[in-house]
Amino acid sequence: MSSASFDPRHKSRVLLDGPDRAVARGMMKAIGFQDADLKRPQIGVFHCWIGTMPCNWNHRELAAQVMDGIRAAGGTPLEVNTVAINDGITTGTDGMKTSLVSRELIADSVELVARGHMFDGMVVIAGCDKTIPAMAMALGRVNIPGVLLYSGSIHSGACHAKEGMFANRQLTIQDIYEAVGAFNAGKITEAEFKDVEDHACPGVGACGGQFTANTMATACEMLGISPMGFNGIPAPDAPKGEVAKTCGAVVMDLLRRGVTPRAMVTQRSFENAITGVMATGGSTNAVLHLLAMAREFEVPLVIDDFDRISKRTPVLADLKPWGRFTAPDMHAAGGMPLIGRRLAEGGLLHVHEQTVTGHSLGEAVAYAAETAGQQVIHTLQDPIKPEGGLGILRGNLAPGGCVVKLSGQTKKIHQGPARVFEREEDAFQAIKAGLIQPNDVLVLRNEGPKGGPGMREMQLVTGALQGAGLGESVALVTDGRFSGATHGFVIGHVVPEAMDGGPIAVVQEGDVIEIHVERRSLTMDVPHEVLQSRLQAWRPPASHAWSTGVLAKYARLVSNASEGAVTNFSVIPTHEGRRSPLHATLEIK
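For the sequence shown, counting from 1, position 71 maps to 86 in our numbering; every step adds exactly one.
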């Protein structure tokens with residue numbers, strides 16, 4: 016829609032104008048709004064401040080800066096707060112069941128307020144990892160002019176001790192997980208353990224590696240819904256407030272131009288986002304979240320798109336959890352603009368796709384600066400890996416697909432006996448007790464979107480494996496998911512999940528499982544007729560304890576992981592000729 020035909024008060028006039036709307040105006044005046052405020056475009060400023068974590072601690076400060084920018088550009092800002100769940104704090108407990116559920120709740124709550132109060136535009140501020148896809152989903156769903164700002168990464172920490180396993184590291188939350196495993200394995204002392212715990216997280220901001228929050232933040236810049244380079248600024252740094260104010264001006268410009276999220280974001284935009292994820296060795300959760308976001312933007316996207324793009328995209332950024340550097344290091348080196356410039360020069364981006372600033376993606380990255388002597392971001396001629404950091408596997412254990420993390424992984428094949436666990440805590444205790452041996456394949460089931468419910472991250476287990484020195488010699492397969500801080504030979508998002516009667520539900524202790532990366536296959540060496548017999552004999556497990564409340568509602572509504580684990584069922588056409596995960600899930604061949 017052209018700016019000449021777009022009314023900047025396209026929603027709020029109905030709510031606030033005319034004699035019949037005096038009640039609405041009167042209630043707004045009770046909290047300080049004046050007639051002039053109510054005659055301007057009404058802009059929602061949504062954030063996830065909460066007093067339970069460092070990730071979102073700066074949201075109200077950033078919101079104040081955004082609101083100053085909106086006022087200066089002629090709009091009236093209205094601050095709205097919603098919830099957040101911290102993955103790191105809840106990992107390994109029933110609390111983690113709520114994390115992915117919160118993505119849906121945040122998107123729903125933003126939608127409700129934006130529609131109910133008839134905002135003309137919105138700026139959404141996101142931090143801890145589920146808040147980023149949630150806010151992006153809300154932008155696509157509500158479809159009024161909007162901008163997403165990531166509140167920024169934490170800086171790395173450092174142990175006070177100068178010697179020991181974790182001394183002289185750039186610490187992130189990943190190191191605390193691994194310190195747990197090392198302490199339980201007797202590899203570090205209690206004092207060394209406490210040193211890591213006390214100093215890994217030095218202040219405000221989301222987890223500092225290319226974990227899920229930073230993965231999704233960079234993806235949003237490549238998608239075009241965040242101004243290029245804004246999200247990479249670390250949370251404590253002064254420029255974060257400056258770009259927050261700029262976001263207020265950006266949303267007002269979008270409003271005057273009549274540019275809505277769905278009018279700007281295309282399938283090619285999503286391919287750019289996926290390319291950015293692959294080039295930075297990003298989190299497996301990006302698959303789940305980008306699928307869910309695409310649905311809200313009415314863009315057809317399937318898990319096979321991730322594998323196709325991964326095979327053509329080199330890994331350029333040397334980032335934790337598998338690499339050497341943190342997200343603030345990448346920002347200092349040149350950030351996502353430099354990654355984007357490299358990819359554009361290699362013909363790997365759709366450079367003409369639009370962004371919220373009015374510039375194309377190609378224009379946004381064309382003049383990216385590179386810090387002299389930086390070692391974080393490699394060139395196309397000298398990539399860290401020739402292919403991207405994620406892959407999609409299928410086979411008789413995952414006919415509907417699953418996701419393997421390939422960043423920093425040189426192993427192409429793993430074959431070993433299944434060690435079956437019905438929940439994460441049982442696997443963790445087995446590792447602590449020394450019951451897991453090299454070559455084992457840990458199978459963690461009943462952790463999927465429905466079975467969990469909530470599709471917990473298995474970070475407690477993967478961290479324990481790394482700390483115990485088993486990270487490179489065992490594999491892990493689950494219908495749950497993984498933290499972005501995970502590294503090792505791990506496969507998640509198995510579809511169908513155990514609760515849906517997928518083959519993972521009938522794996523038995525000692526079954527030989529093979530993971531073959533080049534064939535993109537995940538199989539168990541069980542004759543077809545035996546597998547069919549097991550599946551026919553399978554019965555759903557007894558109802559879990561979550562029979563009421565929000566988790567029960569989620570379990571009844573949620574789709575499978577290959578469809579993004581969504582609860583919003585708008586009908587989106589799939590690619591012609593592509594297999595739908597929904598129809599593929601029960602094909603056992």
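For every residue, glycine included, the Cβ atom is placed at its ideal position computed from N, Cα and C.
> Using DSSP with H/G/I as helix, E/B as strand and the rest coil, what is E524?
Replying inline: Here residue 524 is taken as the residue at index 509 of the sequence shown, counted from 1. The answer is coil: DSSP assigns E524 none of H, G, I, E or B.
>> Our contact map puts V489 next to D526 with C-beta atoms below 8 Å; I'd like the distance itself, whole angstroms only.
In response: By one-based count along the sequence shown, residue 489 stands at place 474. By one-based count along the sequence shown, residue 526 stands at place 511. Going by Cβ atoms, the distance from V489 to D526 rounds to 15 Å, so no, they are not a contact pair.
> Quick one, which of V419, N575, Q481, A359 has its alpha-carbon nearest E529's?
Replying inline: Residue 529 sits at position 514 when you count from the first residue of the sequence shown. When each option's Cα is compared against that of E529, the closest is V419.
> Where does D32 sit, in a helix, a strand or coil, going by DSSP?
Replying inline: Here the question's residue 32 lines up with position 17 in the sequence shown. Looking at D32 - three-state DSSP - the assignment turns out to be coil, as it is neither helix nor strand.
>> Going by the DSSP bridge assignment, what does T328 pair with across the sheet?
In response: Translated into positions along the sequence shown, residue 328 becomes position 313. The partner list for T328 (beta bridge, DSSP) is empty, contrary to what the question assumes.
> Taking the alpha-carbon positions, what's the D123 to A182 distance?
Replying inline: Residue numbering aside, residue 123 sits at position 108 when the sequence shown is read from its first letter. Residue numbering aside, residue 182 sits at position 167 when the sequence shown is read from its first letter. Spanning the two alpha carbons is a distance of roughly 44 Å.
>> DSSP three-state label for A250, please.
In response: Residue 250 sits at position 235 when you count from the first residue of the sequence shown. DSSP places A250 in coil when its eight states are reduced to three.
> Could you give the C-beta distance for K199 and C143, rounded to a whole number, given that I count them as a contact under 8 Å?
Replying inline: Counting from one through the sequence shown, the residue named residue 199 turns up at place 184. Counting from one through the sequence shown, the residue named residue 143 turns up at place 128. Contrary to the premise, residue 199 reads as Asn rather than Lys in this sequence. Not confirmed; about 27 Å, so no contact.
>> Suppose only complete runs of 3+ residues qualify. What are the beta strand (DSSP E) ranges in the region 462-487, listed by chain order?
In response: none
> Count the other CB atoms within 10 Å of the CB of Y569; is the residue buried (16 or more) or exposed (fewer)?
Replying inline: For the purposes of this step, residue 569 is identified with residue 554 of the sequence shown, where counting begins at 1. Result: buried.
> Helix, strand or coil: which one does DSSP assign to V492?
Replying inline: Here residue 492 corresponds to residue number 477 of the sequence shown, with the count starting at 1. In this structure, V492 counts as strand in the three-state DSSP scheme.
>> Can you tell me where the beta strand (DSSP E) holding H429 begins and where it ends?
In response: Taking the sequence shown and counting its residues from 1, one reaches residue 429 at position 414. Here the beta strand (DSSP E) through H429 covers 428-436.
>> Excluding the 5 residues flanking K400 on each side, which residues of the same chain have their C-beta closer than 6 Å to its C-beta?
In response: What you label residue 400 is simply residue 385 of the sequence shown in a count that begins at 1. Contacts found: V330.
>> Rounded to whole angstroms, what is the Cα-Cα separation between I203 and T477?
In response: Walking along the sequence shown from the start, residue 203 turns up at place 188. Walking along the sequence shown from the start, residue 477 turns up at place 462. Those two C-alpha atoms are separated by around 18 Å.
> With burial defined as no fewer than 16 other Cβ atoms inside 10 Å of the residue's Cβ, what is the status of L154: buried or exposed?
Replying inline: One-based indexing of the sequence shown puts residue 154 at position 139. It is buried - the Cβ of L154 has at least 16 other Cβ atoms within 10 Å.
> At what residues does the beta strand (DSSP E) containing G161 begin and finish?
Replying inline: The residue given as residue 161 occupies position 146 in the sequence shown. Segment 161-165, the beta strand (DSSP E) holding G161.
> Quick one, are the C-beta atoms of I159 and A129 less than 8 Å apart?
Replying inline: For this step, residue 159 is matched to residue 144 along the sequence shown. For this step, residue 129 is matched to residue 114 along the sequence shown. Contact: yes.
> Is it true that the CB of P251 sits closer than 8 Å to the CB of H132?
Replying inline: As a position in the sequence shown, residue 132 is number 117, starting the count at 1. As a position in the sequence shown, residue 251 is number 236, starting the count at 1. No, the pair does not count as a contact, with Cβ atoms beyond the cut-off.
>> Nearest by alpha-carbon distance to I104: which of A151, P34, A221 is it?
In response: For the purposes of this step, residue 104 is taken as the residue at position 89 of the sequence shown. Of A151, P34, A221, the residue nearest in Cα terms is A221.
> Is the CB-CB distance between G466 and E512 below 8 Å?
Replying inline: As a first step, residue 466 is located in the sequence shown; it is residue number 451 there, counting from the start. As a first step, residue 512 is located in the sequence shown; it is residue number 497 there, counting from the start. Against a cut-off of 8 Å, the Cβ pair of E512 and G466 comes out as a contact.
> Considering S536, what are the terminal residues of the beta strand (DSSP E) in which it resides?
Replying inline: Translated into positions along the sequence shown, residue 536 becomes position 521. From DSSP, the beta strand (DSSP E) with S536 extends over 536-539.
>> Using a Cβ-Cβ cutoff of less than 6 Å, which residues in the same chain neighbour F176 once the five nearest sequence positions on both sides are dropped?
In response: If you number the sequence shown from 1, residue 176 lands on position 161. The sequence shown places Ala at residue 176, not Phe. Result list for A176: A182, D210, in chain order.
> Looking at C-beta atoms only, is the number of pairs between the region 481-495 and the region 385-396 that lie closer than 8 Å three or more?
Replying inline: no
> Do the region 382-390 and the region 314-321 make contact, defined as three or more Cβ pairs closer than 8 Å?
Replying inline: no
> Which of helix, strand or coil does DSSP assign to I46?
Replying inline: Numbered from 1 along the sequence shown, position 31 holds the residue referred to as residue 46. DSSP places I46 in coil when its eight states are reduced to three.
> Residue range of the beta strand (DSSP E) that E94 falls in?
Replying inline: Numbered from 1 along the sequence shown, position 79 holds the residue referred to as residue 94. Taken as a continuous stretch (DSSP letters only), the beta strand (DSSP E) holding E94 covers 91-96.
>> If the criterion is Cβ atoms closer than 8 Å, does the pair T328 and M243 meet it?
In response: Here residue 328 refers to the residue found at position 313 when the sequence shown is read from its first residue. Here residue 243 refers to the residue found at position 228 when the sequence shown is read from its first residue. Against a cut-off of 8 Å, the Cβ pair of M243 and T328 comes out as no contact.
> How many angstroms separate the CA atom of P352 from the CA atom of V258?
Replying inline: Counting from one through the sequence shown, the residue named residue 352 turns up at place 337. Counting from one through the sequence shown, the residue named residue 258 turns up at place 243. Taking the straight line from one Cα to the other gives about 15 Å.
> From which residue to which residue does the alpha helix (DSSP H) around L364 run?
Replying inline: Start at 1 with the first residue of the sequence shown, and residue 364 comes out as number 349. That residue, L364, is in no alpha helix (DSSP H); it is neither H nor E in DSSP.
>> Just to check my reading of the structure: G90 and M308 have Cβ atoms closer than 8 Å, yes? What is that Cβ distance to the nearest angstrom?
In response: Start at 1 with the first residue of the sequence shown, and residue 90 comes out as number 75. Start at 1 with the first residue of the sequence shown, and residue 308 comes out as number 293. Not a contact, Cβ separation roughly 26 Å.
> Which stretch, first to last residue, makes up the alpha helix (DSSP H) that contains V581?
Replying inline: Taking the sequence shown and counting its residues from 1, one reaches residue 581 at position 566. Neither: V581 is in no alpha helix (DSSP H) and is coded neither H nor E.
> DSSP puts R409 in a beta bridge; with which residues?
Replying inline: Here residue 409 refers to the residue found at position 394 of the sequence shown. According to DSSP, which records beta bridges pairwise, R409 is partnered with S536.
>> Which complete beta strand (DSSP E) runs does the region 145-205 hold, if anything under 3 residues is left out?
In response: 161-165
>> Please report the straight-line C-alpha distance between A215 and A253, rounded to a whole angstrom.
In response: Here residue 215 is taken as the residue at index 200 of the sequence shown, counted from 1. Here residue 253 is taken as the residue at index 238 of the sequence shown, counted from 1. Near 22 Å, if we compare the C-alpha coordinates of A253 and A215.
> Alpha carbon to alpha carbon, how far is Y382 from R356?
Replying inline: Within the sequence shown, residue 382 is the residue found at index 367, counting from 1. Within the sequence shown, residue 356 is the residue found at index 341, counting from 1. The alpha-carbon atoms of Y382 and R356 are separated by roughly 8 Å.
> When the Cα atoms are used, what is the spatial distance from M539 to R24?
Replying inline: Here residue 539 refers to the residue found at position 524 when the sequence shown is read from its first residue. Here residue 24 refers to the residue found at position 9 when the sequence shown is read from its first residue. Looking at the two C-alpha atoms, the distance is approximately 59 Å.
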